Amino acid sequence: MVPVVLSGGSGTRLWPYSRSLYPKQFLPLTSELTMVQETVLRLDGLSVGAPWVICNEDHRFMVAEQLRSEGATPAGIILEPVGRNTAPAIALAALALKAKSDDSVMLVLPADHVIENVAAFHESVLIAKEQAESGKLVTFGIVPTAPETGYGYIKRSNEYAEGVFGVDQFVEKPDLATAEDYVSSGQYYWNSGMFMFRPSRYLEELERFSPEMLSACRAALDGAACDLDFTRVDKAAFEACPEDSIDYAVMEKTDAAVVVPMDAQWSDVGSWSALWEVSDKDENGNTCKGDVITHDSENCYIQADKKLIATVGIQDMVVVDTDDSVLIASKDRVQEVKKIVSSLKQSNRSEASLHRKVYRPWGYYDSIDAGERFQVKRIVVHPGAELSLQMHHHRAEHWIVVSGTAVVVNGEKEIMLTENQSTYIPIGQKHQLKNPGSIPLELIEVQSGSYLGEDDIVRFSDLYGRA
Numbered sequence: 001m002v003p004v005v006l007s008g009g010s011g012t013r014l015w016p017y018s019r020s021l022y023p024k025q026f027l028p029l030t031s032e033l034t035m036v037q038e039t040v041l042r043l044d045g046l047s048v049g050a051p052w053v054i055c056n057e058d059h060r061f062m063v064a065e066q067l068r069s070e071g072a073t074p075a076g077i078i079l080e081p082v083g084r085n086t087a088p089a090i091a092l093a094a095l096a097l098k099a100k101s102d103d104s105v106m107l108v109l110p111a112d113h114v115i116e117n118v119a120a121f122h123e124s125v126l127i128a129k130e131q132a133e134s135g136k137l138v139t140f141g142i143v144p145t146a147p148e149t150g151y152g153y154i155k156r157s158n159e160y161a162e163g164v165f166g167v168d169q170f171v172e173k174p175d176l177a178t179a180e181d182y183v184s185s186g187q188y189y190w191n192s193g194m195f196m197f198r199p200s201r202y203l204e205e206l207e208r209f210s211p212e213m214l215s216a217c218r219a220a221l222d223g224a225a226c227d228l229d230f231t232r233v234d235k236a237a238f239e240a241c242p243e244d245s246i247d248y249a250v251m252e253k254t255d256a257a258v259v260v261p262m263d264a265q266w267s268d269v270g271s272w273s274a275l276w277e278v279s280d281k282d283e284n285g286n287t288c289k290g291d292v293i294t295h296d297s298e299n300c301y302i303q304a305d306k307k308l309i310a311t312v313g314i315q316d317m318v319v320v321d322t323d324d325s326v327l328i329a330s331k332d333r334v335q336e337v338k339k340i341v342s343s344l345k346q347s348n349r350s351e352a353s354l355h356r357k358v359y360r361p362w363g364y365y366d367s368i369d370a371g372e373r374f375q376v377k378r379i380v381v382h383p384g385a386e387l388s389l390q391m392h393h394h395r396a397e398h399w400i401v402v403s404g405t406a407v408v409v410n411g412e413k414e415i416m417l418t419e420n421q422s423t424y425i426p427i428g429q430k431h432q433l434k435n436p437g438s439i440p441l442e443l444i445e446v447q448s449g450s451y452l453g454e455d456d457i458v459r460f461s462d463l464y465g466r467a
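The sequence shown runs 1 to 467 under full-length UniProt numbering.
Set out below in structure tokens:
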């Protein structure tokens, strides 16, 4: 089997912890590992090849670094220049496998799910594998534990084989009364978004039901370029691709669909209340992460980043603190967090997309302070890494080394700085920062000027393909 990990996401439902440039699959929500790491590592014990990952272009370095840190080397990372939903993303993976003459069964997995019973997950996968090898398009239906209104459902038909059923219909998210009927009937499963089939079979069915989508994906991959370990599909061709989910584009129309039930303590962690449900709780039903003190508080999710959070007399609330934002919400209304994110985007506020700490392929920076015409950042550069050779039209920069060793290109000069040494870079001067050492380089950057936005960067050369 070849795992195909879908690592998309808009980062809205778990705001402010999740952001559009740092969505939930890159966060350690239920363990010390991130969700994308958990997705790959739970495959241990199955006979699988190296995973393929389909991700947003902006997330490429996070995907590569998080998998590398857990010893998982992907077979390929395909970059989507724009989001077009799951059907085209899966088509890109199927076409990439076909190009390598590999028709091994694809196990398609979203990167942002929680599965607590890994043994049950493995059991369902092995049942599905036999069906997929015979030409079926398999979807996994989660055995429901409650009349959940936040999930789509799959209605099964007659038993096709042991542990395998035909698919009668896919249904949209129901109201509560309808969901109660679904669960009591025993004929419905939650739609997990996990699938298994041969690449050739998926492409055949996509050709039948959405040939224009397949044509656009084929053109996008034919025009792809290799960039380090990434495959960049042709942007213009992929932008022309119709946007649709695999459910609508293929699974609801094909006569080859079957569903394999899975009872594996699954959750898509689609809201703060869903995260509370799968998290450890104290004797009062509270999930507390970070520096938290509660008094007479019950059934709350409370997460502190760097500040103490103290609560008195609250019930069924979500309180989440990050460096730059605080969310306070009723647990039964957390789906409306998306409206806050929408408002932030309309106001062009950075809190919708970025944290104060921003990860880059060379390390990260943390925006410590900002005001009229100035900004202060703490910058950490990995050993052996370097920033691009660049210049700015509107700002000057002062760099002060806190720890480690820096090699600095400053105009025509190249200098070495160690602890407590500094340099000044005028507006318009070409400059570059490198860490030649074996320990992280930490420095303080003070920017001053009329405009301090991240888009005021002209790159002349860059290891990471951004020039």
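Where is the CB? At the ideal position from N, CA and C, for every residue including glycine. Because the structure is a prediction, the values reported are computed rather than measured.
If I follow the unbroken alpha helix (DSSP H) through residue i, where does it start and stop?
| i | result |
| --- | --- |
| residue 346 | 337-346 |
| residue 238 | 235-239 |
| residue 215 | 211-222 |
| residue 326 | From DSSP, residue 326 is part of no alpha helix (DSSP H) but of the beta strand (DSSP E) over 326-330. |
| residue 65 | 60-69 |
| residue 37 | 35-41 |
| residue 485 | Since the displayed the chain opens at 1 and closes at 467, residue 485 lies outside it and no answer follows. |
| residue 86 | 86-99 |
| residue 133 | 118-133 |
| residue 438 | Where residue 438 is concerned, there is no enclosing alpha helix (DSSP H), given that its DSSP letter is neither H nor E. |
| residue 105 | Counting along the chain, residue 105 falls outside any alpha helix (DSSP H), and DSSP gives it neither H nor E. |
| residue 351 | Careful: residue 351 lies outside any alpha helix (DSSP H) and carries neither H nor E. |
Taking Cβ to Cβ, would you say residue i is nearer than 8 Å to residue j?
| i | j | result |
| --- | --- | --- |
| residue 60 | residue 355 | no |
| residue 333 | residue 388 | no |
| residue 250 | residue 206 | yes |
| residue 109 | residue 260 | no |
| residue 173 | residue 193 | no |
| residue 429 | residue 401 | no |
| residue 299 | residue 321 | no |
| residue 55 | residue 90 | no |
| residue 219 | residue 237 | yes |
| residue 25 | residue 40 | no |
| residue 318 | residue 329 | yes |
| residue 386 | residue 433 | yes |
| residue 397 | residue 446 | yes |
| residue 423 | residue 407 | no |
| residue 71 | residue 2 | no |
Could you tell me the distance, in whole angstroms, from the CA atom of residue i to the CA atom of residue j?
| i | j | result |
| --- | --- | --- |
| residue 17 | residue 158 | 43 Å |
| residue 454 | residue 460 | 16 Å |
| residue 47 | residue 200 | 20 Å |
| residue 69 | residue 85 | 28 Å |
| residue 178 | residue 169 | 15 Å |
| residue 230 | residue 130 | 32 Å |
| residue 444 | residue 290 | 27 Å |
| residue 302 | residue 287 | 6 Å |
| residue 142 | residue 152 | 11 Å |
May I ask which residues mark the beginning and end of the beta strand (DSSP E) holding residue i?
| i | result |
| --- | --- |
| residue 170 | 164-171 |
| residue 376 | 374-381 |
| residue 157 | 153-161 |
Residue i: buried (16+ other C-beta within 10 angstroms of its C-beta) or exposed?
| i | result |
| --- | --- |
| residue 346 | exposed |
| residue 275 | buried |
| residue 208 | exposed |
| residue 225 | exposed |
| residue 348 | exposed |
| residue 390 | buried |
| residue 339 | exposed |
| residue 148 | buried |
| residue 197 | buried |
Can you round the beta-carbon distance between residue i and residue j to whole angstroms, since I take them to be within the 8 Å contact cut?
| i | j | result |
| --- | --- | --- |
| residue 478 | residue 327 | Because the chain in this structure spans residues 1 to 467, residue 478 falls outside the shown range and cannot be described. |
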